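Visitor: Numbering (my numbering), first residue to last: 19 to 366. Think of the CB as a built atom: it goes at the ideal place given N, C-alpha and C, for glycine as much as any other residue. Keep in mind that this is a model prediction, so the values were computed, not measured.
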Amino acid sequence: MGPHPAVAAIRLAVRRVLHDILTELNTTAGVPAATAAERMPERPPSPLVLVACSGGADSMALASALAFEAPRLGVRAGGVTVDHGLQSGSDLRAEEVVLRLRELGLDPVEATAVTVGRAGGPEAAARDARYAALDAAAARHGAAAVLLGHTRDDQAETVLLGLARGSGIRSLSGMAAVSGAGGRYRRPFLQVDRQIARKACMVQSLPVWDDPHNADPAYTRSRLRHEGLPALEKALGKGVVEALARTAQLSRDDADALDTWARQAEAGVRDASGVLECAKLYALPPAVRRRILRRAAIDAGAPAGALFARHIEEVDRLITGWRGQGAINLPGKVVARRQGGRLVIRQG
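1. By how many angstroms is the C-alpha of Ala-315 removed from the C-alpha of Leu-30?
2. Run through DSSP, which three-state label would Gln-222 get?
3. Rounded to the nearest angstrom, how far is the Cβ of Leu-124 from that of Gly-97, given a contact under 8 Å?
4. Take the Cβ of Glu-113 as the centre, count every other Cβ of all protein chains shown within 10 Å, and call the residue buried at 16 or more, exposed below.
5. What residue does the alpha helix (DSSP H) around Val-259 start on, and which one ends it?
6. Tell me whether Ala-301 sits in a helix, a strand or coil according to DSSP, three-state version.
7. Could you tell me the alpha carbon to alpha carbon distance between Gly-92 and Gly-350, rounded to whole angstroms?
8. Can you give the Cα-Cα distance for Ala-70 and Thr-46, rounded to whole angstroms?
9. By a C-beta neighbour count over all protein chains shown, 10 Å radius and 16 as the cutoff for buried, is Leu-110 buried or exposed?
10. Output the distance between the C-alpha atoms of Gly-201 and Ala-195, rounded to the nearest integer angstrom.
11. Starting from the N-terminal side, write out each stretch of the beta strand (DSSP E) that is 3 residues or longer and does not extend beyond the region 132-183.
12. State the CB to CB distance for the pair Arg-308 and Asp-334, rounded to an integer number of angstroms; the pair is presumed to be in contact (CB under 8 Å).
13. Is it a yes or a no for the region 221-240 touching the region 149-164, going by three-plus beta-carbon pairs under 8 Å?
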């Protein structure tokens with residue numbers, strides 16, 4: 019008799035990601051194509067994959083699946099839990115998570131404490147601190163990848179948050195299955211429902227911790243999870259989460275295609291000295307043109323995280339709505355101005 023369907027689902031998701039990681043590692047190393055099991059004896063020592071685990075149902079399910087699948091593919095499996103220090107007793111809870119991961123057979127396992135700042139709000143600040151800690155842990159242990167437990171439900175919430183911000187198609191694409199420097203971060207559960215992960219923990223008798231912040235209405239994502247999405251399902255029927263996750267993938271495909279188009283078109287809209295020509299930019303579709311403008315602003319020194327759609331729209335009007343207006347000030351002390359039919363974007 020096979021494993022419970024929920025357990026089988028999470029293991030399959032992790033197995034696929036591990037196969038991808040092994041294939042990429044062996045391609046980079048120039049190893050001839052073969053099955054992962056055949057390749058691994060040629061790669062001592064085995065690659066290390068870490069799981070980021072908070073002790074919640076999603077990440078505990080992910081840790082259990084990694085602990086099961088990794089040895090079967092010749093991969094070492096470890097874990098990291100991040101103590102944000104935002105709640106009383108968080109250090110003790112981090113120690114408990116470390117013990118649970120070790121009981122699953124993961125090694126190395128560590129807890130790392132961070133100091134959460136205030137930039138961007140509490141949720142963004144905690145996220146920035148967490149990823150910085152995970153980056154450091156991956157570098158310290160030489161990990162090939164770090165697995166994150168974001169589920170399809172998390173993806174649906176991310177799409178709705180992007181829609182509310184009016185941030186465009188890239189924001190609607192949600193979280194990528196592969197992200198970070200060199201593809202460090204992998205999200206095996208983006209097609210797995212949150213309830214499946216919780217069920218997998220229950221049938222395996224894995225203790226889980228429910229973060230009270232996830233139910234705190236002070237946090238935007240919490241309100242969306244407990245009020246917004248249920249209201250949408252009540253109004254539109256079941257299947258909203260799945261549809262939003264599908265929208266994320268379609269949006270990501272479209273955004274990737276437009277990004278490629280913009281990269282290819284950019285050389286053709288610059289003069290011999292490399293300055294953007296307004297007439298040639300005007301001839302491009304708006305979605306392509308604005309991508310070129312955004313990249314030019316970032317290259318000039320504008321911080322990507324501070325460069326919003328309204329900034330790019332203002333610069334775009336120098337091309338599409340030229341009436342002799344003055345320079346546009348952008349974040350990072352970058353200035354965009356139109357001069358003699360050309361668009362000059364530079365600091366100061």
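Guide: In this structure, then:
1. Here residue 30 refers to the residue found at position 12 of the sequence shown. Here residue 315 refers to the residue found at position 297 of the sequence shown. Rounded to whole angstroms, Leu-30 to Ala-315 spans 42 Å at the Cα level.
2. Here residue 222 refers to the residue found at position 204 of the sequence shown. It is coil, neither helix nor strand.
3. Translated into positions along the sequence shown, residue 124 becomes position 106. Translated into positions along the sequence shown, residue 97 becomes position 79. Contact flag correct, Cβ pair sits at about 5 Å.
4. Here the question's residue 113 lines up with position 95 in the sequence shown. Counting Cβ neighbours within 10 Å, Glu-113 comes out exposed, since fewer than 16 surround it.
5. Translated into the one-based positions of the sequence shown, residue 259 becomes position 241. First-last of the alpha helix (DSSP H) with Val-259: 258-284.
6. To locate residue 301, count along the sequence shown from 1; it is residue 283. Residue state, collapsed to three classes: coil.
7. Against the sequence shown, residue 92 aligns to sequence position 74. Against the sequence shown, residue 350 aligns to sequence position 332. Roughly 47 Å separates the two Cα atoms.
8. Within the sequence shown, the letter at position 52 stands for residue 70. Within the sequence shown, the letter at position 28 stands for residue 46. C-alpha separation (whole angstroms): 25 Å.
9. The count along the sequence shown starts at 1 and reaches residue 110 at position 92. Exposed: under 16 other Cβ atoms inside 10 Å.
10. Here residue 201 is taken as the residue at index 183 of the sequence shown, counted from 1. Here residue 195 is taken as the residue at index 177 of the sequence shown, counted from 1. The straight-line gap from Cα to Cα measures roughly 9 Å.
11. 163-165
12. The sequence position of residue 308 within the sequence shown is 290, counting from 1. The sequence position of residue 334 within the sequence shown is 316, counting from 1. With 8 Å as the limit, Arg-308 and Asp-334 qualify as a contact, their Cβ atoms being about 6 Å apart.
13. no
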